[in-house]
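K.L.:
Okay, so the sequence shown: first residue is 427 according to my numbering, each after it adds one.
Pasting in a structure now, in structure tokens, and then I'll have a few things to ask.
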Amino acid sequence: MKKIKIYIGCMALLASVFTACKKDYLEVPATNFVSDETMWASASNADLFLNDIYNQLPNINAETEHLDQYTDNSDVGVLWMSGYSRIATAQVTPTNIPVGPWDLWKWESNFKNIRKCNLFITKVSASALPDDYKTQRVAEARFLRALYYHWLWAAYGGVPIITIPLDNLTQGDEIYRPRASEKETFKFITSELDTIAKVLPLKVDAKDYGRPTKGAALTLKGWCELYEASPLRNPGGDVSLWKQAAATNKAVMELGVYDLYPDYINLFLEKGNNSSESIFARQYGPQKGSPIEGKQGPVRDANGAQVAWGNFQPTQELVDAFAMANGKAITDANSGYDPTHPYLNREDRFYKTIIYDSAIWKGYAVTTRVGGNNAIDLGYSSDNTHTGYYARKRLDESRNPSDNFTGIAYQNYMFFRYAEVLLSFAEAENEASGPTAEVLSAINKIRTRGNTPTIEETYGTVSKDQMREIIHRERRVELCFEDKRWWDVIRWKIAEKQPDGTPGVLNRPEIGMVVTKQADNTLKYTPTVIRNRLFLPKMYLMPIPQAVIDRNPAIAKQSGTDGWSNGQNPGY
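In structure tokens, the structure reads:
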């Protein structure tokens, strides 16, 4: 059976499935639709339907508004981005919900995709297609359904669990389904993933890149378990949840399939597509690219001409999270950090992630200082950096500046990679058992990939609390600009306030760096507040869209065990 490599976005669904109408002699057969019988009669036709579901995966490389912009990791020099502005000012309501980059947690889009998965699963399971095809492809569709469900679950808590295609023409009011509880939704997702992990292959050939594997199913399951074990969903600190998250992530590590890619720069570029570190990624490939450099890269070239939009703008808080070359945090008295030369002797990942004043990009020095070719803009009057920084990570320096607005790049977008598995295992195992040798080994693999000394070389023996702080910082630095920080801040429940009662990370002023040249030609670095942020306790969950409550009486009349009433999450 011929298999199709999934270049997401290059395949479109041939047709919608319609039932035949009663014919008379005046009717002309439609030529732009495929009948129900034809659609499910061959693997190639069924694959077109499934490929359309893959095509709906968020096209993050073409996005301008990223999850990191909702957090203390990144800013952007515009005010029109609705999610960015509503999150920062706590103006989220049931009628203006930020839906994440590329509708990541948009209710309607995700449930539309879930319905497509349900239809594929139902039709293929009942078809006469070969059993091996049905087993593989149905497992893929169940993975995609779990993936779409997990975004809804993380954003909203409990949601309706629907596993069959609903049809209001034949089912009437039965299509209205109530919300399941958060824990019921979690159990549905993880149970699905546990089942299909036993079916999906350990590896796929190059022609099948983009399809889920056993490792992808276990990684998604392990991530959901980590989220469930974290303080947001596990305020009582149930250790068994941490143990389960650790066990699932360890199972991925023990598959023997994945490893860290040695080159941190190329990992995120076309050279690193489908590397040993990639677990599940949206494929771009030669038939489908993205304008990522034009949307995210430094705004101006050496002559001051605009060549990009600069939508990755690291904050000073993120910059400060990177360690020194000796592995110590800059807050450590023995780190050697010099605030008058803040970019000297930093860890390797810093130079591969951040473009700072005087950093070389495309052969010229990017100067974000006052009067420089990319001078900081504190007033939102241009696309120039609002923080004094741009991102380097995930951007291809070899591309010509003239290509930035219209050029197409072909690096994949990794939803999950092996470094995150190591971090998730280390976090869960540390919470369950403390800083064991396995915890240290997992974190040290990530640190030494970037030539950073091990935990033992840097700190000696550490406590469980110290290890937690190290893991949180490593996760922030390693995964920045990968749309992970939002979920971490939410699940750790540190957005509104810290465990010690101090303001949370999204309830503090956001800081940028103003660099000015002095009369003696030295540079002065002045951390500067660039905007204030407000995060309310209710915002750990997004509100259920008011339109959903208005049209679904099963939700509108429902009160839940998670504290909602009339179908709506608390506080909205």
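We put the CB at the ideal spot given by N, CA and C, even for glycine.
Remember, predicted model here, so these are calculated numbers, not experimental data.
Report the three-state DSSP secondary structure of GLU857 (helix, strand or coil).
P.N.:
Numbered from its first residue, the sequence shown carries residue 857 at position 431. Helix, per DSSP.
K.L.:
What does VAL940 pair with, by DSSP beta-bridge criteria?
P.N.:
One-based indexing of the sequence shown puts residue 940 at position 514. In DSSP, VAL940 forms a bridge with THR952.
K.L.:
Give the DSSP-derived three-state secondary structure of ARG708 in the structure shown.
P.N.:
In the sequence shown, residue 708 corresponds to position 282, counting from 1. It is a strand residue.
K.L.:
Note down, in chain order, each residue of its chain lying with its Cβ closer than 6 angstroms to the Cβ of MET427, except the 5 sequence neighbours on either side.
P.N.:
Taking the sequence shown and counting its residues from 1, the one referred to as residue 427 is at position 1. Confidence at MET427 is low in this model, with a pLDDT of 35, below 50, so its placement is unreliable and no value can be given for it.
K.L.:
How big is the Cα-Cα spacing for TRP577 and ILE479?
P.N.:
Position 151 of the sequence shown, counted from the start, is the residue given in the question as residue 577. Position 53 of the sequence shown, counted from the start, is the residue given in the question as residue 479. Cα to Cα, TRP577 sits roughly 15 angstroms from ILE479.
K.L.:
Quick check on the burial criterion: 16 or more other C-beta atoms within 10 angstroms. Buried or exposed for TRP506?
P.N.:
Numbered from 1 along the sequence shown, position 80 holds the residue referred to as residue 506. With fewer than 16 Cβ atoms within 10 Å of its Cβ, TRP506 is classed as exposed.
K.L.:
In chain order, which alpha helix (DSSP H) runs of at least 4 residues are fully inside the segment 839 to 890?
P.N.:
844 to 859, 863 to 875 and 881 to 885, all fully within the segment 839 to 890.
K.L.:
Indicate, with yes or no, if the ligand ATP has a heavy atom lying under 7 angstroms from the CB of ASN471.
P.N.:
In the structure shown, the ligand ATP is absent, as is every other ligand, since no ligand is present at all.
K.L.:
Is it a yes or a no for the segment 830 to 837 touching the segment 896 to 913, going by three-plus beta-carbon pairs under 8 angstroms?
P.N.:
Short answer: they don't touch.
K.L.:
Hey, how far is the Cα of LYS449 from the Cα of SER461?
P.N.:
Position 23 of the sequence shown holds residue 449. Position 35 of the sequence shown holds residue 461. At LYS449, the pLDDT of 34 sits below 50, so the modelled position is not reliable; the number obtained from the coordinates is stated separately. Each residue's alpha carbon lies about 14 angstroms from the other.
K.L.:
Between ASP631 and ASP909, what straight-line distance do the alpha-carbon atoms span, to the nearest angstrom?
P.N.:
In the sequence shown, the residue the question calls residue 631 occupies position 205. In the sequence shown, the residue the question calls residue 909 occupies position 483. About 28 angstroms.
K.L.:
Opposite LYS676 in the DSSP bridges: which residues?
P.N.:
Here residue 676 refers to the residue found at position 250 of the sequence shown. Partner(s): none; LYS676 has no beta bridge.
K.L.:
Within the continuous alpha helix (DSSP H) that includes TRP383, where are the two ends?
P.N.:
Here the chain comprises residues numbered 427 to 998, so residue 383 is not present and cannot be evaluated.
K.L.:
Leaving out the 5 sequence neighbours to the left and right, which residues in its chain are closer than 7 angstroms to ASP620 when beta-carbon positions are compared?
P.N.:
Taking the sequence shown and counting its residues from 1, the one referred to as residue 620 is at position 194. Hits under 7 angstroms: LYS647.
K.L.:
Have a look at LYS983 and LEU570 and give me their C-alpha separation to the nearest angstrom.
P.N.:
Position 557 of the sequence shown, counted from the start, is the residue given in the question as residue 983. Position 144 of the sequence shown, counted from the start, is the residue given in the question as residue 570. Cα to Cα, LYS983 sits roughly 30 angstroms from LEU570.
K.L.:
So is THR928 buried or exposed if we call it buried at 16+ other beta carbons inside 10 Å?
P.N.:
Along the sequence shown, read from residue 1 onward, the residue named residue 928 stands at position 502. With fewer than 16 Cβ atoms within 10 Å of its Cβ, THR928 is classed as exposed.
K.L.:
Would you mind giving the Cβ-Cβ distance between ARG637 and PRO591, rounded to the nearest angstrom? I have them listed as a contact below 8 angstroms.
P.N.:
Taking the sequence shown and counting its residues from 1, the one referred to as residue 637 is at position 211. Taking the sequence shown and counting its residues from 1, the one referred to as residue 591 is at position 165. Rounded, the Cβ-Cβ distance is 22 angstroms, inconsistent with contact.
K.L.:
Provide the residue(s) that pair with ASP501 in DSSP beta bridges, ordered along the chain.
P.N.:
Residue numbering aside, residue 501 sits at position 75 when the sequence shown is read from its first letter. Answer by DSSP bridge pairing, in chain order: GLN739.
K.L.:
Mapping the DSSP letters down to three states, classify LYS923 as helix, strand or coil.
P.N.:
Your numbering for residue 923 matches position 497 in the sequence shown. Of the three classes helix, strand and coil, the one that applies to LYS923 here is strand, per DSSP.
K.L.:
Which of the three DSSP states, helix, strand or coil, is assigned to PRO527?
P.N.:
Residue numbering aside, residue 527 sits at position 101 when the sequence shown is read from its first letter. In the structure shown, PRO527 sits in a helix (DSSP, three-state: H, G or I).
K.L.:
Give me, in chain order, the residues of the same chain whose beta-carbon lies closer than 6 angstroms to that of ARG640; leave out the 5 immediate sequence neighbours on both sides.
P.N.:
The sequence position of residue 640 within the sequence shown is 214, counting from 1. Residue identity check: residue 640 is Lys in the sequence provided, not Arg. Here the set comprises ALA623, LEU626 and LEU628.
K.L.:
Can you give me the start and stop residues for the alpha helix (DSSP H) that VAL796 sits inside?
P.N.:
As a working mapping, residue 796 is identified with position 370 in the sequence shown. No alpha helix (DSSP H) contains VAL796, which DSSP labels as neither H nor E.
K.L.:
Under three-state DSSP, which class holds GLN495?
P.N.:
Residue mapping note: residue 495 aligns to position 69 of the sequence shown, counting from 1. Of the three classes helix, strand and coil, the one that applies to GLN495 here is helix, per DSSP.
K.L.:
Whole angstroms are fine: how far does the CA of ARG977 sit from the CA of SER991?
P.N.:
Taking the sequence shown and counting its residues from 1, one reaches residue 991 at position 565. Taking the sequence shown and counting its residues from 1, one reaches residue 977 at position 551. For SER991 and ARG977, the distance between alpha carbons rounds to 16 angstroms.
K.L.:
With distance defined between alpha-carbon atoms, name the residue in ASN877, SER824, THR862 and GLY805 nearest to SER889.
P.N.:
Numbered from 1 along the sequence shown, position 463 holds the residue referred to as residue 889. Measuring from the Cα of SER889, the nearest candidate turns out to be THR862.
K.L.:
Flag this pair as yes or no: are the beta carbons of PRO484 and LEU545 separated by less than 8 angstroms?
P.N.:
Here the question's residue 484 lines up with position 58 in the sequence shown. Here the question's residue 545 lines up with position 119 in the sequence shown. No, they are not a contact pair.
K.L.:
On the three-pair Cβ rule with 8 angstroms, is the segment 768 to 778 touching the segment 851 to 867?
P.N.:
Touching, no, given that fewer than three Cβ pairs across the two stretches are closer than 8 angstroms.
K.L.:
Output needed for ILE587: all residues of its chain with C-beta closer than 6 angstroms, excluding positions within five of it in sequence on either side, in chain order.
P.N.:
Within the sequence shown, the letter at position 161 stands for residue 587. Hits under 6 angstroms: ALA606 and PHE614.
K.L.:
Is it right to say LYS532 is buried, meaning 16 or more other beta carbons lie within 10 angstroms of its own, or is it exposed?
P.N.:
For the purposes of this step, residue 532 is taken as residue 106 along the sequence shown, with counting starting at 1. Buried: at least 16 other Cβ atoms inside 10 Å.
K.L.:
Return the chain-ordered list of same chain residues with a C-beta closer than 7 angstroms to the C-beta of MET750, the five sequence neighbours on each side being excluded.
P.N.:
To locate residue 750, count along the sequence shown from 1; it is residue 324. Same-chain partners within the cutoff: ILE756, SER761, GLY762, TYR763, ASN771, ARG772 and GLU773.
K.L.:
Give every residue of the same chain whose Cβ lies closer than 7 angstroms to the Cβ of PRO724, excluding the five residues on either side of it in the sequence, and list them in chain order.
P.N.:
Reading the sequence shown from its first residue, position 298 is the one you call residue 724. ALA734, GLY736, ILE781, TRP787, VAL792, ASN800 and TYR816, listed in sequence order.
K.L.:
Taking PRO717 as the reference, give the member of ASN826, ALA643, PRO661 and HIS767 with the closest Cα.
P.N.:
Residue numbering aside, residue 717 sits at position 291 when the sequence shown is read from its first letter. Minimum Cα distance to PRO717 is reached at ASN826.
K.L.:
If you count every other CB in all the chains shown that lies within 10 Å of the CB of SER985, and 16 or more means buried, which is it?
P.N.:
Working through the sequence shown from its first residue, we reach residue 985 at position 559. Per the 10 Å Cβ criterion, exposed.
K.L.:
Would you tell me roughly how many angstroms separate the C-alpha atoms of VAL585 and ILE869, rounded to the nearest one?
P.N.:
Here residue 585 refers to the residue found at position 159 when the sequence shown is read from its first residue. Here residue 869 refers to the residue found at position 443 when the sequence shown is read from its first residue. In a straight line, the C-alpha of VAL585 is about 35 angstroms away from that of ILE869.
K.L.:
Reducing DSSP to helix, strand and coil, say where MET507 ends up.
P.N.:
The count along the sequence shown starts at 1 and reaches residue 507 at position 81. Residue state, collapsed to three classes: coil.
K.L.:
Start and end of the alpha helix (DSSP H) containing TRP649?
P.N.:
Here residue 649 is taken as the residue at index 223 of the sequence shown, counted from 1. Element bounds for TRP649: 640 to 655.
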